[in-house]
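Novice: Counting in full-length UniProt numbering, the sequence shown runs from 1 upward without gaps. For each residue, glycine too, the CB sits at the ideal point set by N, CA and C. I have a structure I would like to understand better, so I am pasting it below and will then ask my questions one at a time.
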Amino acid sequence: MSEVVLTYAGNRRRLAPSETVTIGRGRDNDLMVTDAGASRRHAQLRRVGDEIEVIDLGSSNGTFVNGQRIAAATLVGDGADIRLGGADAQPLGVVVDSASGSSSGPSGPLPRRGSTSGPLPRRAPSGGDRPPGGDRPPGASGPLPRKLPATSSVPRVPSHTGVVFDRHALPPQALQPAAAPSSGHTAVQGAEPQVLSVPGGGGPAQRGPGFTIGRGLENQIVVDDLLVSRTHCRLVPNGQGFEVEDLDSRNGTYINGQRITRGRLGEGDLLAVGHSRFTVLQGQLVASVDEGDVAFVANHLSFELPGGKKLLDDISFAMEGSSLLAVIGPSGAGKSTLLKALTGSQQATRGEVYYDGRDLYTNYDDLRHRIGVVPQDDVVHRQLTVRQALRFAAELRFPDDLDKPLRDQRVDEVMAELGLTGHADTRVDKLSGGQRKRTSVALELLTRPSLLFLDEPTSGLDPGLDKQVMQTLRGLADGGRTVVVITHSVANLGVCDKVLLLAPGGKVAYFGPPAQLLPFFNLQDHADVFTQVARDPEGSQQRFKASPLEAEQIEAPLSAPRPPAPPLERPPRQQSIPSQLSTLARRHLRVILADRGYAAFMFLLPVVLAVLAMVVPGANGLSVPGPEVLKRSTEPLMLLVVLVVGALFMGMASSVRELVSERAIYTREKAVGLSPAAYLWGKITIFGLLTFLQSVILVLLVTMVKKGPSDAILLGSPRLELIVVCWLTAFCAMTVGLLISSFVTTSEQTMPLLVVVVMAQLVFSGGLFALSGRAGLEQLSWFMPARWGYAAGAATTDVQRILITSTGRPAPVVDDPLWQHDVAHWVLAVGLLLALAAVFAAITQWRVARNRAD
1 MSEVVLTYAG NRRRLAPSET VTIGRGRDND LMVTDAGASR RHAQLRRVGD EIEVIDLGSS
61 NGTFVNGQRI AAATLVGDGA DIRLGGADAQ PLGVVVDSAS GSSSGPSGPL PRRGSTSGPL
121 PRRAPSGGDR PPGGDRPPGA SGPLPRKLPA TSSVPRVPSH TGVVFDRHAL PPQALQPAAA
181 PSSGHTAVQG AEPQVLSVPG GGGPAQRGPG FTIGRGLENQ IVVDDLLVSR THCRLVPNGQ
241 GFEVEDLDSR NGTYINGQRI TRGRLGEGDL LAVGHSRFTV LQGQLVASVD EGDVAFVANH
301 LSFELPGGKK LLDDISFAME GSSLLAVIGP SGAGKSTLLK ALTGSQQATR GEVYYDGRDL
361 YTNYDDLRHR IGVVPQDDVV HRQLTVRQAL RFAAELRFPD DLDKPLRDQR VDEVMAELGL
421 TGHADTRVDK LSGGQRKRTS VALELLTRPS LLFLDEPTSG LDPGLDKQVM QTLRGLADGG
481 RTVVVITHSV ANLGVCDKVL LLAPGGKVAY FGPPAQLLPF FNLQDHADVF TQVARDPEGS
541 QQRFKASPLE AEQIEAPLSA PRPPAPPLER PPRQQSIPSQ LSTLARRHLR VILADRGYAA
601 FMFLLPVVLA VLAMVVPGAN GLSVPGPEVL KRSTEPLMLL VVLVVGALFM GMASSVRELV
661 SERAIYTREK AVGLSPAAYL WGKITIFGLL TFLQSVILVL LVTMVKKGPS DAILLGSPRL
721 ELIVVCWLTA FCAMTVGLLI SSFVTTSEQT MPLLVVVVMA QLVFSGGLFA LSGRAGLEQL
781 SWFMPARWGY AAGAATTDVQ RILITSTGRP APVVDDPLWQ HDVAHWVLAV GLLLALAAVF
841 AAITQWRVAR NRAD
């Protein structure tokens, strides 16, 4: 009998007589293809004699035979051209060989997409010991120990060329050079492991001058990855492996999950550069790219509070790549705690999480870029347009040496993927709830994460938008990502591959297909299921453990105890602090200007305060009256109270809600490498500029009606000195507002505190009654910005001279040594304003740096 062989991207698969196989992008198919247009379960192929019957399984983009889309079962023979998802897709060929058994080349299943081959790991034997051979080499992928394909079956790259990784141009199996050797680079595409000859060396890992890996074409190995710096790292062969040096990359170079400055890459070690991975096997440098579609395993996760209360209780499950999991359960079931444990933001007290066979906790610093998290609150500024929000996010998440056109191109790609192109120039606050949630998802997709976690993405949405969001997540999973969604909505569970139902206390009450959830409980309504598991969490857990579903559906990972995980390091920054500061300051300014109501309030506030100052009775203002004026007044003291307290109010009103209102945004950005210092100083920079403009307006308007100070002390202009005093007072008050905002939990809590603090500043300013010599009160006033702002203003105005009585003695109300009209006292007051601002800013930065999502 003739031999019928399928060919795909240089690989061959023999079909036995009458054999039927399914083909598509999902891992549950017999054959897996990588074309983006192919559906998860696309077509069925059945051998009929010396021909193949092709049946389309309702795919979205169709099955094409010899260039024509088929609508019914079609028989094809030798030389047929089958394409899935488009006429320009990677061809699946048919070869009929009349000489039985004479096929050439490797036979067996066509390669699956991604780096994990073989089944997901099963539960280890009781007692916690690893099964034989369970010591997985650090460079291997997949939860079970495995070796990459034999190097003899992978084409060599000429040693005098470099290597270009292009994640998009060609499928994983297309290994032919994309450029002539004379260009200095050779293209090697995709996720399948590929052997690389050492550039510039005479053979595998031989000693040589070394080579660099990076995004720029000047490198010998060029990686097409926006997370990789232009020149990322250098490798120098040492005879047995490579010496690795990080070249000040923004996202870091990692060996076996640990970030290094210098290190040694030996046999079996794993070098990670962005999404690319390099392993030394038998002296050869083997490369692959994390294309997503990775297995994800939770192994006996438990989380226990210090008091002994369990929030998670022995949770295990396994997910294949390109799948969608819904985590549901009543309130108090531990869904949010599970999300933190699965993403590594809060490690479980027991158990492991495996990303493609690698322990997430011990490799967190390396793997965090491959995990996207969309919290329940929108993590995007509503005053910005979709395009502006994504571009600012791209600046923060990609290295600062990445050209702007490349960042903008990635933004456009993500908007197109999520159907946001038509809303690119729409303000976020004008979008529907579903569109806003897709915008939050878009922020995470910028870095092409393999795993995507969403916390209540449909909360507050109507049923139509709920369905749209879940269908979007289904599309993301079909596009090669593993998606986990925590939700209370059960209306659209049917689009998910699996459902994990948690009972209170973080107990697994069900894990399996959504269609079997209600039959498992013998109930007709999901609400009744929630009620039942909430009433009896222990019973629900034991019932699932005793059911066949536990053995069928949970492909448990290795259960051997892991070594203690090192403490999570601070995520490395994608940009330098000055670069982040520039981006954050520009974004903050854009947000202020986009909110017209807020911008108008900030502009009108000094105008209103100036009008209030103008109604203070008196004709001399802040100037020293002439000798003809015999009656003295307290007009300058009252004017200074209005100016100083007004400046304090301007500073605090601008900032007191800032940090608390952006806490969700900041928490997520911090998790992907945002510097707390850059975040805080970006706001201080813009608020400093804002308070300066407000102070100029306030002082100029007041001195247009009221006379200004007569003499300057240090700056040559008394009006300029008064502007500086008001500005520094407002600036210091702004840092107080930020400090308050870092402590409160809701925006509503800021208003009572604002009133109390402003009133305290008024009392301790020294303008209402004398503070000098009053034990306790005087010392307490030293910590009040109003005290030093008023002292600097009184020194510039020379109130001691203005308020001298006709007897030649100072009035009792002005008996304050801080009001002397000289350089020393003015500099002291101004210096202490700056010192207090620095102290308040430092405390705020400490608060911001330790902030975690609630």
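So, for A849: in the same chain, excluding its five sequence neighbours on each side, which residues have a beta-carbon less than 7 Å away from its beta-carbon?
Specialist: Indexing the sequence shown from 1 puts residue 849 at position 849. Here the set comprises P676.
Novice: Within 10 angstroms of its Cβ, does S742 collect 16 or more other Cβ (buried), or is it exposed?
Specialist: Counting from one through the sequence shown, the residue named residue 742 turns up at place 742. That one is buried.
Novice: In whole angstroms, what is the alpha-carbon distance linking Q435 and L420?
Specialist: As a position in the sequence shown, residue 435 is number 435, starting the count at 1. As a position in the sequence shown, residue 420 is number 420, starting the count at 1. Rounded to the nearest angstrom, the two C-alpha atoms are 8 Å apart.
Novice: Quick check: P709 and L622, are their CB atoms within less than 8 Å of each other?
Specialist: Sequence index remark: in the sequence shown, residue 709 carries index 709 (1-based). Sequence index remark: in the sequence shown, residue 622 carries index 622 (1-based). For P709 and L622, yes; Cβs fall inside 8 Å.
Novice: Cβ atoms of W826 and A770: under 8 Å apart, would you say?
Specialist: The sequence position of residue 770 within the sequence shown is 770, counting from 1. The sequence position of residue 826 within the sequence shown is 826, counting from 1. Not a contact, by the Cβ cut-off of 8 Å.
Novice: Does the region 527 to 545 come into contact with the region 347 to 362, if we say contact requires no fewer than three beta-carbon pairs (one atom in each stretch) closer than 8 Å?
Specialist: no
Novice: Counting along the chain, where does the alpha helix (DSSP H) carrying V660 start and finish?
Specialist: Against the sequence shown, residue 660 aligns to sequence position 660. First-last of the alpha helix (DSSP H) with V660: E658 to S661.
Novice: Figure out for me which residue from F530, L501 and W782 has the closest Cα to the Cα of I554.
Specialist: Position 554 of the sequence shown, counted from the first residue, corresponds to residue 554. Nearest C-alpha to I554: L501.
Novice: Taking the beta carbon of I577 as the centre, do at least 16 other beta carbons fall within 10 Å, making it buried, or is it exposed?
Specialist: Residue mapping note: residue 577 aligns to position 577 of the sequence shown, counting from 1. By the neighbour-count criterion, in which 16 or more other beta carbons inside 10 Å mark a residue as buried, I577 falls on the exposed side.
Novice: Please classify T231: does DSSP put it in a helix, a strand, or coil?
Specialist: On the sequence shown, residue 231 is found 231 positions in, with the first residue counted as 1. Three-state result, T231: coil.
Novice: Less than 8 Å between the C-beta atoms of I697 and T796, yes or no?
Specialist: For the purposes of this step, residue 697 is taken as the residue at position 697 of the sequence shown. For the purposes of this step, residue 796 is taken as the residue at position 796 of the sequence shown. Taking 8 Å as the Cβ cut-off, I697 and T796 do not qualify as a contacting pair.
Novice: Can you look up F278 in the DSSP assignment and give me helix, strand or coil?
Specialist: Taking the sequence shown and counting its residues from 1, the one referred to as residue 278 is at position 278. For F278, the secondary structure class from DSSP, reduced to helix, strand or coil, is strand.
Novice: Would the beta-carbon of G766 fall within 8 Å of that of S781?
Specialist: Position 766 of the sequence shown, counting from 1, holds the residue named residue 766. Position 781 of the sequence shown, counting from 1, holds the residue named residue 781. Their beta carbons are under 8 Å apart, which means G766 touches S781 by this criterion.
Novice: Starting from Y354 and walking both ways along the beta strand (DSSP E), at which residues does that stretch end?
Specialist: As a first step, residue 354 must be located in the sequence shown, where it is residue number 354. Under the DSSP assignment, Y354 falls in the beta strand (DSSP E) whose first and last residues are R350 to Y355.
Novice: Which one or two residues does DSSP pair with M32 in a beta bridge?
Specialist: Within the sequence shown, residue 32 is the residue found at index 32, counting from 1. G24.
Novice: Buried or exposed: L367, going by 16 or more other Cβ atoms within 10 Å of its Cβ?
Specialist: Locating residue 367 in the sequence shown gives position 367, counting from the first residue. It counts as buried.
Novice: Three-state secondary structure (DSSP) at P237?
Specialist: Within the sequence shown, residue 237 is the residue found at index 237, counting from 1. The answer is strand: DSSP assigns P237 an E or B state.
Novice: By the 10 Å Cβ neighbour count, where 16 or more other Cβ atoms means buried, how is E352 classified, buried or exposed?
Specialist: As a first step, residue 352 is located in the sequence shown; it is residue number 352 there, counting from the start. Classification for E352: buried.
Novice: Does the distance from the C-beta atom of L325 to that of M319 stay below 8 Å?
Specialist: By 1-based counting over the sequence shown, the position of residue 325 is 325. By 1-based counting over the sequence shown, the position of residue 319 is 319. It is a contact, given that the beta carbons lie within the stated cut-off.
Novice: In the DSSP assignment, what residue or residues form a beta bridge with I315?
Specialist: Numbered from its first residue, the sequence shown carries residue 315 at position 315. Answer is L301.
Novice: Going by the CB atoms, is the gap between I255 and V273 shorter than 8 Å?
Specialist: Position 273 of the sequence shown, counting from 1, holds the residue named residue 273. Position 255 of the sequence shown, counting from 1, holds the residue named residue 255. The Cβ-Cβ distance between V273 and I255 does not fall below 8 Å.
Novice: Could you tell me how far apart the beta carbons of N61 and G85 are, in whole angstroms, since I believe they sit closer than 8 Å?
Specialist: Taking the sequence shown and counting its residues from 1, the one referred to as residue 61 is at position 61. Taking the sequence shown and counting its residues from 1, the one referred to as residue 85 is at position 85. Indeed, because the Cβ distance is near 4 Å, the residues count as touching under 8 Å.
Novice: How many angstroms separate the CA atom of T439 from the CA atom of S695?
Specialist: For the purposes of this step, residue 439 is taken as the residue at position 439 of the sequence shown. For the purposes of this step, residue 695 is taken as the residue at position 695 of the sequence shown. Taking the straight line joining both Cα atoms gives about 38 Å.
Novice: Counting Cβ pairs closer than 8 Å, one from the region 479 to 488 and one from the region 449 to 456, do we hit at least three?
Specialist: yes
Novice: Spatial neighbours of Y598 within its chain, please: CB distance less than 7 Å, with the 5 preceding and 5 following residues excluded, ordered by chain position.
Specialist: Taking the first residue of the sequence shown as position 1, residue 598 is located at position 598. Excluding sequence neighbours, Y598 sits near I592.
Novice: Nearest to V608 by CA position, among M751, V699 and G257, is which residue?
Specialist: Translated into the one-based positions of the sequence shown, residue 608 becomes position 608. When each option's Cα is compared against that of V608, the closest is V699.
Novice: Between the C-alpha atoms of S59 and A71, what's the straight-line distance to the nearest angstrom?
Specialist: Within the sequence shown, residue 59 is the residue found at index 59, counting from 1. Within the sequence shown, residue 71 is the residue found at index 71, counting from 1. C-alpha separation (whole angstroms): 11 Å.
Novice: Spell out a yes or no on whether the region 389 to 407 and the region 453 to 470 are touching, meaning 3 or more CB-CB pairs, one atom from each, closer than 8 Å.
Specialist: no
Novice: Under 8 Å, with one C-beta from each stretch per pair, do the region 247 to 261 and the region 219 to 231 reach the 3-pair mark?
Specialist: yes
Novice: Classify V757 as buried or exposed, calling it buried when 16 or more other Cβ atoms lie within 10 Å of its own Cβ.
Specialist: Locating residue 757 in the sequence shown gives position 757, counting from the first residue. Buried, since its Cβ has 16 or more Cβ neighbours within 10 Å.
Novice: Pull the bridge partners of N620 from the DSSP assignment, please.
Specialist: Position 620 of the sequence shown holds residue 620. N620 pairs with nothing; no bridge assigned.
Novice: Going by CA-CA distance only, name the one from A664, E635, T750 and G646 that's closest to S655.
Specialist: Residue 655 sits at position 655 when you count from the first residue of the sequence shown. When each option's Cα is compared against that of S655, the closest is T750.
Novice: What residues in its chain sit with their C-beta under 6 Å from that of Q580, if we drop five residues either side in the sequence?
Specialist: Along the sequence shown, one-based indexing puts residue 580 at 580. Counting only Cβ-Cβ distances below 6 Å, and skipping sequence neighbours, we find S675 and A678.
Novice: Could you say which of L271, T426 and F511 lies nearest to C496 if we only look at CA atoms?
Specialist: In the sequence shown, counting from the first residue as 1, residue 496 sits at position 496. The shortest Cα separation from C496 among L271, T426 and F511 belongs to F511.
Novice: Roughly how many angstroms separate the alpha carbons of E635 and R596, rounded to a whole number?
Specialist: Sequence index remark: in the sequence shown, residue 635 carries index 635 (1-based). Sequence index remark: in the sequence shown, residue 596 carries index 596 (1-based). Roughly 36 Å separates the two Cα atoms.
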